[in-house]
Amino acid sequence: MRFLAVVLRHTCRNMLLTWKSQCMTLFTVSLSVLIFSFFYLIYSNALHIGEELDDDLRLVVYLDEEPAPPLQEEYRRKILKFDQVDHIEFIGREQAYQRFEQQLGENTDVLTGVPTDFLPASIEVYPVRTLDSLSRIKRFSDYLQTLPGVIKVQYGKEWIERFYAFIQLMQVIILLSGSLLIMTTTFVVAHTIRLTLFSRQQELELLRLVGATNNYIRTPFLLEGAFQGFIGASCGMGALLLLFNWITLQFAGPATITLLPFAFFHWTVVLSIIGIATLLCAAGSFSAIRRFLHL
Amino acid sequence: MNPETSPPSAMIDLIKVSKVYPPDVQAISDISLTVSRGEIVFLTGKSGAGKTTLLRLISRMEKPTKGMVDVAGFDVSKLLQRDIHLLRRKVGMAYQDFKLLPERTVADNIAIAMEVVYRSRPFIEKRTRELLEQLDLSKKYHTRAGELSRGEQQRVSIARAAANGPEIILADEPTGNLDAETTSRVMDLFMQLNRKGTTLVIATHDRSLFQDTPHRVIELRCGRVRSAQTEEQEDGKEMSNDTLACFQEDDRCDF
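Top line first, the protein sequences correspond to chains A and B. Using numbering that gives the first Met the number 0, the first residue of the first sequence is number 0, and each one after it goes up by one. Using numbering that gives the first Met the number 0, the first residue of the second sequence is number 0, and each one after it goes up by one.
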């Protein structure tokens, strides 16, 4: 207990004595965490939006003529054999007309004189609720196209492809910003600790001479790295929260963002990011101690 | 743990110890020496005679090239790096170059020795004030060590060595920058510690420190023991064969 109190006091004193380089390190760590968590926030919300939109996702298979019950069974069997399909629904010509009529609302008069069977019969295919299904939809759609009597398969192809490309881009950005986070936290902290070690060489030598244990000498540096990670990551997450609130305020009202389920991280994610940054900085500190502190 | 290799009465035991600095500077040559628990020993000799090297060997700042150094039950030459603190906590050393942290206060410089053994803050403060009082430095408690005179710095170094009441105090030229009155204060502190059982090894040029002393005086010359003046010898008893052999060495340094 006394050991912990003494090394904590040493750590705080050291950090105050080198407050300029500490500030630089904290700023770098904060910025790295902010960049990483910003993109991760967008990515996680995009995934969430993708899940929400998945609820409405369906493939519409247009048929050249309304299938008789035995043929419907045949279609059902062939389509449902895929794991990615949740359920299917047959829409007859009459039903399609009624739906269209409902969608037109007050403008139904445009349908005056139009035969009720002018729309083609179709099968609505509802895939299971996983984002992964989006990437397979194209292949599935190609398969559906090969079924007999199918005129066309429609699924909002362009939108899905763009969304999937966006998700892939976000994954790349997250990987890059994650790498940046690892590099900055590890290398910048290691560099700061190395400078501190060099500047305090005289004191370290004296500590050894008056009987300090290796742990007594090393632990404050390790704690310093961990504190830099913890404080830097907390500042980064705080800045992200401010940015998030500012953006939601700016776009408040009848804008798209309010319609989308855009939310901040769950507190467990916030704690995880802070924890990982703390560990990375402690690791950076540990590597500097191993390389430059010769006891 | 290190096995206790010395007899209980021997606090410092050197057997045929040599120290060669690269490339081939012979600092200490075949020195054998035993200092008993609670004894006061003065090491004297010209500059370069090997006094500081001997103290550095005892405090394990250096490893001997040859021979065995046994201090407070630790075989110093075999002491593992991770266990050095166990020895250093038993040995207080006042360095010739003081080894103070110039940006830190006098109190901080003394406290550092007590902090590493986890003394409580009130104890550290009380002990620091007590030592500064004894060494006439009370007013310098909050002064930065870098702002002190050399004599004052020397006393701070001595205070730090004495802070934990160690079993052994090694003092390298402890009165080199001090006037007679302050020298007397320093020696009083040493004697007070000795009365409590501390073994003292004092390396000094200052003949006044050991002129009329009843304690053992060892003269080093060119890394060898030149003479040993003990109470017994003053009483007319014969010197040991080892000491006699040392007397027969050529006066001129051959390195």
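Even for Gly, the Cβ is constructed at its ideal location relative to N, Cα and C. This one's a predicted model, so the numbers in the text were calculated from it and none came from an experiment.
query: C-alpha distance - B:A162 paired with A:G210, whole-angstrom precision; result: 13 Å
query: Helix, strand or coil at A:L15 [DSSP, three-state]; result: helix
query: Segment contact flag, the region 139 to 151 of chain B with the region 183 to 191 of chain B, C-beta cutoff 8 Å, min 3 pairs; result: no
query: First and last residue of the uninterrupted alpha helix (DSSP H) at A:L231; result: Residue 231 of chain A is actually Gly in this sequence, not Leu. Taken as a continuous stretch (DSSP letters only), the alpha helix (DSSP H) holding A:G231 covers 213 to 249.
query: Between the CA atoms of B:E129 and B:E230 - distance to the nearest angstrom; result: Residue placement at B:E230 cannot be trusted, given a pLDDT of 43 that sits under 50; what the coordinates show is reported in the next sentence. In a straight line, the C-alpha of B:E230 is about 33 Å away from that of B:E129.
query: Through-space distance from B:E102 to A:I216, alpha-carbon basis; result: 19 Å
query: 8 Å Cβ shell around A:L130 - same chain, five flanking residues per side excluded; result: Annotation note: pLDDT 49 at A:L130 (below 50); position unreliable, coordinate value reported separately. Around A:L130: L46, G49, E50, D53, I166.
query: Cβ-Cβ separation, B:I83 to B:V200 (assumed contact under 8 Å), whole Å; result: The pair is not a contact, with the Cβ atoms about 18 Å apart (cut-off 8 Å).
query: Inter-residue Cα distance where the pair is B:L134 and B:A158; result: 8 Å
query: Neighbourhood of A:I90 by C-beta, 7 Å cutoff - its chain only, sequence neighbours within 5 removed; result: A120, S121, E123
query: Chain A within 8 Å of B:H141, Cβ atoms only; result: no
query: Chain A within 8 Å of B:R154, Cβ atoms only; result: no
query: Neighbourhood of A:M169 by C-beta, 7 Å cutoff - its chain only, sequence neighbours within 5 removed; result: F38, I41, Y42, A45
query: Buried or exposed (CB count within 10 angstroms, at least 16 for buried), A:Q21; result: buried
query: Cutoff 8 Å: A:A164 Cβ touching any chain B Cβ; result: no
query: Secondary structure, alpha helix (DSSP H): runs of 4+ residues fully inside the region 87 to 143 of chain A; result: 92 to 103
query: Under the three-state DSSP convention, the category B:V105 falls into; result: helix
query: Boundaries (first-last residue) of the alpha helix (DSSP H) holding B:R220; result: Element bounds for B:R220: not the alpha helix (DSSP H) but the beta strand (DSSP E), 215 to 220.
query: Cβ contact (3+ pairs, closer than 8 Å) linking the region 21 to 41 of chain B and the region 51 to 68 of chain B; result: yes
query: Residues near A:M236 in its chain [Cβ-Cβ closer than 7 Å; skip 5 each side]; result: V32, S36, V269, I272, I273
query: Where B:E233 falls: helix, strand or coil (DSSP); result: Bear in mind that a pLDDT of 46 at B:E233, under 50, signals an unreliable position, so the number given afterwards is only what the model happens to contain. B:E233 falls in the helix class under three-state DSSP.
query: Three-way DSSP call (helix, strand, coil) for A:F37 in this model; result: helix
query: Cβ-Cβ separation, B:I111 to B:V155 (assumed contact under 8 Å), whole Å; result: B:V155 to B:I111, Cβ: 11 Å. No contact.
query: Segment limits, beta strand (DSSP E) that includes B:F209; result: Taken as a continuous stretch (DSSP letters only), B:F209 belongs to no beta strand (DSSP E), being part of the alpha helix (DSSP H) at 206 to 209.
query: Identified DSSP bridge partners for B:Q25; result: B:V19
query: Neighbour-count burial assignment, B:I11, 16 or more Cβ in a 10 Å radius; result: buried
query: Contacts that B:I111 makes with chain A (C-beta to C-beta distance below 9 Å); result: E202, L205, L206, V209, A211
query: Contact list for A:F2 against chain B, beta-carbon separation under 9 Å; result: Y117
query: Residues within the region 5 to 22 of chain A neighbouring chain B, beta-carbon criterion of under 8 Å; result: V5
query: 7 Å Cβ cut-off: residues of chain B touching A:Y215; result: V115
query: Given A:L278 as reference, the closest of A:Y154, A:P69, A:A232 once Cα atoms are compared; result: A:A232
query: Within-8 Å CB hit, B:M10 to chain A; result: no
query: Under 9 Å from the C-beta of B:Q276: neighbouring residues of chain A; result: With chain B covering 0 to 254 only, the question about residue 276 of chain B has no answer from this structure.
query: CB contact flag (B:I168, B:K89, <8 Å); result: no
query: Residue-level contact to chain A via CB, B:L100, 8 Å cutoff; result: yes
query: Chain A residues whose Cβ lies nearer than 7 Å to that of B:R88; result: G210
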